[in-house]
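Take a look at the structure set out below.
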Amino acid sequence: MPTSPPRPVPQDSGLIDLWSLRQDTLLELPDETVGAPPAGGFPEEEALLSTRWGETRLPITAPVVLLALERLSYGPVSLDNVVAGISAPDGPGSPERDALTPLLRSMENVLVRSLAAKDGRLVLSVVPISRYARFRPAATPADAVLRLSRFAALRTHEDGLCAESPLSGLRVVLHQPRSAWLVSCFARPSTPREAAGRLRMPVEDVRQAMAYLEASGMVVRGTPAAADGPGRYSFAEDEDPALVPWSPHDLMMHARSRQGRHDGPVGATGDLADAPGTEPVAARGRPGPVRVPLPVPDLERVLDRDPPFTVALEARRSVRDYGEQPLDLFQLGELLYRSARVRSMGDLRAEDGGPSVTSRPYPSVGGAYALELYLTVSKCAGLPRGTYHYDPSEHALVLVDMEADSVDELLAEARTTAGLTAEPHVLITMTARFRRMTLKYSGLAYSGLLKDVGVLQQTLYLVCTAMGIGPCALAIGDSDLSAHALGLDWRTESAVGEFVLGTLPSEPGGEGPLSAAVEVQGHDWHVRCSEELRRALAHTAE
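Residues in the sequence shown are numbered consecutively from 2, following the working numbering.
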């Protein structure tokens, strides 16, 4: 049966290198310099470049400088028409090139470099996203072995797909499907020549594209690994001691939840201010068959009984062995009251009906207080076995209607994770109502939630230590297990932290948990706080 002859591979054609400014960059040229500049340029004149990172004044030292700036203000253009070979880093030197190169280097963090077909259609663009971004492509050999960086990630973009990496201050926008196909060819080590054959593309086009991807950090070049035999290659990022400990997800979260290594919105930007739905400042407690009001401690007596702060801080430790006696409802009530209750509620802008805010014993990023507490109880005098939601406004527990097997699974998971000798007396599952944080903050919402978890865990540690309760924070939990057990939609509310506690095992001589620490401190823990602190607590209680 006759077969069709193979399609010929296109001859080398080459792509056009285009230059432009980031869309959020404004270039202002001096009025008197617009048009044909006089010989010798305008050394006394300057152009003003306004960027997301501030303003820069660019001296117009030669006619070619003014001409290049005018061209850049038009959009993606070829500067090779201004100075031949300016796109090639190893191009021949000339007075025009010597005048223009320093200018372009000073604007490097706002210059978008694109490759386009000869019909003008963009193939890919490299966009700076950091004030320190540097993009200086060098020729990539046709037989160089390349691979996608293990830190690179592809996602949708308004102009197609884009590739990003936390290691790079650049974003690569892939404007055409074939551009994405080309990138996918390097999911495993490959060469530009091999990729050109697979996609029936000119080798020169692939070389140019890979030079851009390599200079942007999206692909990395391999070197022969002689120890592993022929055909094996090693990549520097796989052996770099600074990168080996990082997972791609952790490094991306670090880079994207702080300013500096991206150009996305960060902070209280109000981007989602008009999103449908609202999120109450404090959940009023889930409906359930049983509601248990918790005892409220007498803070005056707590002040008399508590150790000094430094004693509690020095005595803080994780406890994984429990005593025979269970916790009781009074201890649980005091712990939650001192750690997580709503102390007061008010409005940010009461005069125009602004959003409500709360004050609680632990701090929260932006006062969002997106965390909810679910207590799975194994042993607590006065409280049946089960899972309860804590209502911080009413200082009460509401029984969650769930299967007994789910209670067992939550406690068993916590016991295994913490390495406990028995079930914890109480497991505290910290969930996050994500919208409470994400509607307010862009970029840092999830990292802010984790900070909230950390400060709440430390608050629980210190209060437990002062009360003589054995605390232990868990390093990790099972989000799917808790969502299933608690009946939550994990996309809107999910577990982000866990904490277990129980009574302390009895010690020889009946010494309390802080006796050794108190002895080291050299004074009695039953000290009276300063009058200033007492007045502050009295004001808070009101």
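All C-beta atoms, glycine included, are put in the ideal place defined by N, C-alpha and C. Fair warning: this is a prediction, and the values are worked out from it, not measured in the lab.
Please work out which residues of its chain come closer than 8 Å, Cβ to Cβ, to residue i, disregarding the five sequence neighbours upstream and downstream, and give them in chain order.
{"i": "His176", "result": "Arg122, Leu123, Val124, Leu125, Ser126, Asp160, Gly161"}
{"i": "Leu336", "result": "Leu461, Val464, Cys465, Met468, Ile470, Leu502"}
{"i": "Gly334", "result": "Leu295, Pro296, Val297, Pro298, His396"}
{"i": "Ala369", "result": "Arg437, Met438, Lys441, Tyr442, Gly449, Asp453"}
{"i": "Leu411", "result": "Thr377, Thr388, Leu428, Thr430, Leu482, Ser483, Ala486"}
{"i": "Gly420", "result": "Arg321"}
{"i": "Asp490", "result": "Ala484"}
With a 10 Å radius around its C-beta and 16 neighbouring C-beta atoms as the bar for buried, classify residue i as buried or exposed.
{"i": "Ser166", "result": "buried"}
{"i": "Arg172", "result": "buried"}
{"i": "Pro138", "result": "buried"}
{"i": "Gly15", "result": "exposed"}
{"i": "Ile87", "result": "buried"}
{"i": "His255", "result": "exposed"}
{"i": "Val291", "result": "exposed"}
{"i": "Thr224", "result": "exposed"}
{"i": "Phe43", "result": "Residue placement at Phe43 is flagged as unreliable, the pLDDT there being 47, under the threshold of 50; a coordinate-derived value is accordingly withheld."}
{"i": "Thr422", "result": "exposed"}
{"i": "Pro472", "result": "buried"}
{"i": "Gly488", "result": "exposed"}
{"i": "Ser407", "result": "buried"}
{"i": "Asp305", "result": "exposed"}
{"i": "Val245", "result": "exposed"}
The beta strand (DSSP E) with residue i in it runs from where to where?
{"i": "Cys186", "result": "Cys186 -> no beta strand (DSSP E), and no H or E assigned at all."}
{"i": "Ala48", "result": "47 to 52"}
{"i": "Arg434", "result": "427 to 434"}
{"i": "Gly198", "result": "No beta strand (DSSP E) contains Gly198, which is instead part of the alpha helix (DSSP H) from 193 to 200."}
{"i": "Ala467", "result": "Here Ala467 belongs to no beta strand (DSSP E); instead the alpha helix (DSSP H) covers 446 to 468."}
{"i": "Ala164", "result": "161 to 165"}
{"i": "Ala85", "result": "Element bounds for Ala85: n/a, residue is neither H nor E."}
Could you spell out where the alpha helix (DSSP H) holding residue i opens and where it closes?
{"i": "Thr418", "result": "405 to 419"}
{"i": "Ser107", "result": "96 to 107"}
{"i": "Tyr389", "result": "Premise fails: Tyr389 lies in the beta strand (DSSP E), 387 to 392, not in any alpha helix (DSSP H)."}
{"i": "His255", "result": "249 to 257"}
{"i": "Ser340", "result": "330 to 341"}
{"i": "Phe236", "result": "Element bounds for Phe236: not the alpha helix (DSSP H) but the beta strand (DSSP E), 234 to 236."}
{"i": "Glu205", "result": "204 to 216"}
{"i": "Thr57", "result": "Counting along the chain, Thr57 falls outside any alpha helix (DSSP H), though it belongs to the beta strand (DSSP E) covering 55 to 60."}
{"i": "Arg306", "result": "300 to 306"}
Measuring only the C-alpha atoms, how far is residue i from residue j?
{"i": "Ala196", "j": "Leu372", "result": "50 Å"}
{"i": "His250", "j": "Arg492", "result": "18 Å"}
{"i": "Val427", "j": "Thr418", "result": "14 Å"}
{"i": "Ala316", "j": "Gln459", "result": "13 Å"}
{"i": "Arg53", "j": "Ser21", "result": "16 Å"}
{"i": "Ala476", "j": "Lys452", "result": "14 Å"}
{"i": "Ser340", "j": "Tyr375", "result": "14 Å"}
{"i": "Thr359", "j": "His390", "result": "19 Å"}
{"i": "Ala433", "j": "Val366", "result": "13 Å"}
{"i": "Tyr338", "j": "Asp322", "result": "25 Å"}
{"i": "Pro203", "j": "Arg179", "result": "13 Å"}
{"i": "Leu149", "j": "Phe236", "result": "10 Å"}
{"i": "Asp25", "j": "Pro77", "result": "14 Å"}
{"i": "Ala69", "j": "Ile17", "result": "17 Å"}
{"i": "Ser74", "j": "Asp392", "result": "58 Å"}
{"i": "Phe500", "j": "Ala474", "result": "4 Å"}
{"i": "Thr34", "j": "Leu67", "result": "Bear in mind that a pLDDT of 47 at Thr34, under 50, signals an unreliable position, so the number given afterwards is only what the model happens to contain. Near 8 Å, if we compare the C-alpha coordinates of Leu67 and Thr34."}
{"i": "Ala140", "j": "Tyr234", "result": "20 Å"}
{"i": "Leu445", "j": "Asn82", "result": "44 Å"}
{"i": "Gly265", "j": "Asp241", "result": "28 Å"}
{"i": "Asp120", "j": "Ser79", "result": "13 Å"}
{"i": "Ser217", "j": "Ala269", "result": "30 Å"}
{"i": "Arg151", "j": "Glu47", "result": "43 Å"}
{"i": "Glu238", "j": "Arg259", "result": "23 Å"}
{"i": "Thr504", "j": "Ser319", "result": "12 Å"}
If I measure Cβ to Cβ from residue i and keep anything under 7 Å in the same chain, skipping five residues before and after, which residues do I get?
{"i": "Gly383", "result": "Asp329, Leu330"}
{"i": "Val456", "result": "Tyr363, Pro364"}
{"i": "Glu424", "result": "Ser379, Leu412, Arg416"}
{"i": "Leu19", "result": "Pro77, Val78, Ser79, Ser115, Ala117"}
Could you name the residues of the same chain whose beta carbon sits closer than 6 Å to that of residue i, not counting the 5 residues immediately before and after it, in chain order?
{"i": "Thr57", "result": "Leu50"}
{"i": "Asn110", "result": "Pro129, Arg132, Ala134"}
{"i": "Val207", "result": "Pro193, Ala196, Ala197"}
{"i": "Arg222", "result": "Ala145, Leu147"}
{"i": "Met253", "result": "Pro167"}
{"i": "Pro506", "result": "Asp322, Gly324"}
* Could you tell me whether the segment 146 to 166 touches the segment 179 to 191, using the rule of 3 or more Cβ pairs below 8 Å? => Taking 8 Å as the limit for Cβ pairs, the verdict is that the segment 179 to 191 does touch the segment 146 to 166.
* Any 3 or more C-beta pairs closer than 8 Å across the segment 340 to 347 and the segment 473 to 493 -> No, the segment 340 to 347 does not touch the segment 473 to 493.
* Asked: Hey, is the segment 433 to 448 in contact with the segment 397 to 413, meaning 3+ C-beta pairs nearer than 8 Å?
  -> Touching, no.
* Are the segment 201 to 220 and the segment 110 to 119 touching, with three or more C-beta to C-beta distances below 8 Å? -> Three or more beta-carbon pairs drawn from the segment 201 to 220 and the segment 110 to 119 are found closer than 8 Å, and the two stretches are therefore classed as touching.
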